[in-house]
Each structure stands twice: as C-alpha cells, then as structure tokens.
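Participant:
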Amino acid sequence: MKSKLIAEFIGTFALVFAGCGALMVAERFPGTLSPEIVPLVFGLIVAVMIYAVGHISGAHFNPAVTLGFTVAKHFPPSNLFPYWGAQFGGGIVACLLLNSLLPPGETYGATLPTIGTLKAMEWEMVLTFFLMFVIMAVATDSRAVGTMAGSAIGGTVMVCAFFGGPVTGASMNPARSLGPNMFQGETLSLWIYFVGPLAGAVLAAWIYEKIRCDLASASRPGSSRKNPVGCC
Numbered sequence: 032m033k034s035k036l037i038a039e040f041i042g043t044f045a046l047v048f049a050g051c052g053a054l055m056v057a058e059r060f061p062g063t064l065s066p067e068i069v070p071l072v073f074g075l076i077v078a079v080m081i082y083a084v085g086h087i088s089g090a091h092f093n094p095a096v097t098l099g100f101t102v103a104k105h106f107p108p109s110n111l112f113p114y115w116g117a118q119f120g121g122g123i124v125a126c127l128l129l130n131s132l133l134p135p136g137e138t139y140g141a142t143l144p145t146i147g148t149l150k151a152m153e154w155e156m157v158l159t160f161f162l163m164f165v166i167m168a169v170a171t172d173s174r175a176v177g178t179m180a181g182s183a184i185g186g187t188v189m190v191c192a193f194f195g196g197p198v199t200g201a202s203m204n205p206a207r208s209l210g211p212n213m214f215q216g217e218t219l220s221l222w223i224y225f226v227g228p229l230a231g232a233v234l235a236a237w238i239y240e241k242i243r244c245d246l247a248s249a250s251r252p253g254s255s256r257k258n259p260v261g262c263c
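All residue numbers for the sequence shown refer to the working numbering, where the first residue is 32 and numbers rise by one.
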C-alpha cells in the first residue's frame, strides 16, 4: 500500500507541477509559452505518468477517478481516503515548490469559471464524465487495448482542456484545483471543482458498468432482457 500511495503522490505532484507550472511560467515570462501549449502539457504529463506508475498504483492522480472506480467496485473502499490524501498532498506540495522556484506573480494556475457557478459546475461534470468514461474503457475492460491507456487518457485530458479551459479551466480533478486555488486565494468557487468532477466520474463509471453488463448478458447463451445474467 505504501508504494501505491507514493506513486499517487508523485503522479499528482507531476500533474500539478508541470501543468500549473506551465501556466505560471507563461504569466511570469511573457512570450515564452503560448496559451495553446498548456493543454498539451497537461495531456502529455498525464500520459507519461500513467506509463511510469500505472503498474504500481493504477495511476489515478485524481480523487474523482478514485471515487468512480470505488463506486464501480473496481477499487477497495478502504483505500479511498488514503489515495485521496496522497493525491491532495501531491498537488499541494507541487504548488509549494512552484512558489519557491518561480518569481512572484499573479497566478498560481487556479481554475476559475468565466460563466455562472452552476453552469461551470455542469461543465466540469460533463468534462469529467468524458474523461472517466474513457478511463473505464481502457483501464477496466479487457476488450479495450490497455497498453494504449496513457495515450487515450492523456489525449482526452488534452482535448477537454482545449475547449473547456477557457470556460472553467477544465480541471476535472479536485486535486489539481485545491492547491492552486488556495495559493491564489480563489476559494469561493472551489466547490465547483469538487462537486462537478466527483459527480461526473461517478455517473460515467455507473453508466459504463451498465453498458458492459448489458453486453455481457446479451453475449451469453440463453440470456434475455427479462432474465439477465449477472455481469462482470
């Protein structure tokens, strides 16, 4: 268990350090990084760290993903809060290090909505739904190509960040938002980045399991809608 928590800490640390670091560098050193680069950084660091530690901890790096796996019974409930602790800890430590390594500035990579709070929460829920649905497919379904998990998940993060970033910051991850928003003093809207991603991940996990169970039932001899067989 200790090695898994260390892996989750390092993975979430890398996500926040690289992704939020890119935002901070762009603000503190104008002309060095364009805004279009930031989604690429987030997507690539997620993909790289999945390949690096996925075999150790499952490479969640996200409390919403861990909750989704738990609800779908792919993760032991007793490990939920330890994983959350490692993930939130990694994100906060990354912010501390960025703050000490970079000159003072106005942004710490906080996620801020540019629309109403309820709409922003719905955006985060939908974005996280897409992300968790892909994760469920490549990480839990034997019919999917598991070796492509890093590319598929990182690509999903990248795509969501490209079109969702200007609207809500495209967090999809409470651990990505907590540290930066605290350091930037933007805590009033922080609930958006907890409620939206957690709800979206749970919904995606439940729907994917439902689809998989229906397919498993239909593929077995003698199965019927009225008398479905138990699922995977």
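We put the CB at the ideal spot given by N, CA and C, even for glycine. These figures come from a predicted structure and were not determined experimentally.
(1) Does the distance from the C-beta atom of A235 to that of G99 stay below 8 Å?
(2) Can you list, in chain order, the residues of its chain with a C-beta nearer than 8 Å to that of A192? Leave out the 5 residues immediately preceding and following it.
(3) List the whole-angstrom C-beta distance separating H105 from E39, where the pair is believed to meet the contact cut-off of C-beta under 8 Å.
(4) Look at the alpha carbon of A45 and the alpha carbon of C244, and state the distance between them as a whole number of angstroms.
(5) Can you name, in chain order, every residue of its own chain whose Cβ lies under 6 Å from the Cβ of A103, other than the five neighbours on each side?
(6) Do you know how far the Cα of G147 is from the Cα of L64?
(7) If you reduce the DSSP assignment to three classes, tell me which class S208 lands in.
(8) Does the beta-carbon of S88 have 16 or more other beta-carbons within 10 angstroms, so that it is buried, or is it exposed?
(9) Helix, strand or coil for M55, going by three-state DSSP, please let me know.
(10) Is P70 helix, strand or coil when you go by DSSP?
(11) Of all the options L36, P61 and H86, which has the alpha carbon lying nearest to the alpha carbon of T178?
(12) According to DSSP, is F193 helix, strand or coil?
(13) Can you give me the C-alpha to C-alpha distance between A170 and V77, rounded to a whole angstrom?
(14) Look at the alpha carbon of M189 and the alpha carbon of V124, and state the distance between them as a whole number of angstroms.
(15) Short check: CB of T159 to CB of P228, under 8 Å?
(16) Could you tell me the alpha carbon to alpha carbon distance between K7 and M213, rounded to whole angstroms?
(17) Quick check on F164: does DSSP put it in helix, strand or coil?
(18) Out of I184, P197, V233 and I238, point me to the one whose CA is closest to L54's CA.
(19) Rank A49, A57 and F119 by C-alpha distance to the C-alpha of A206 and give the top, closest one.
(20) Tell me whether the beta-carbon of T97 lies closer than 8 Å to the beta-carbon of W115.
(21) For S202, which three-state DSSP category applies?
(22) Beta carbon of V56, beta carbon of G121: below 8 Å?
(23) How far does the alpha helix (DSSP H) with P94 in it reach, from first residue to last?
Facilitator: The relevant details are as follows:
(1) yes
(2) Taking A192 as the centre and dropping the five residues before and after it, the same chain places the C-beta of V69, P70, F73, G74 and A201 closer than 8 Å to its C-beta, in chain order.
(3) About 16 Å; that fails the 8 Å criterion.
(4) 35 Å
(5) Excluding its 5 nearest sequence neighbours in each direction, A103 has C-beta neighbours in its own chain below 6 Å: A236 and E240, listed in chain order.
(6) 29 Å
(7) helix
(8) That one is buried.
(9) helix
(10) helix
(11) H86
(12) Assigned with DSSP and collapsed to three states, F193 falls in helix.
(13) 14 Å
(14) M189 and V124 have their C-alpha atoms spaced approximately 23 Å apart.
(15) yes
(16) No information on residue 7 is available, as it lies outside the stretch 32 to 263 that the chain covers here.
(17) helix
(18) P197
(19) F119
(20) yes
(21) Reduced to three states, the DSSP call for S202 is coil.
(22) Using a Cβ distance threshold of 8 Å, V56 and G121 do not count as a contacting pair.
(23) That run of the alpha helix (DSSP H) goes P94 to V102.
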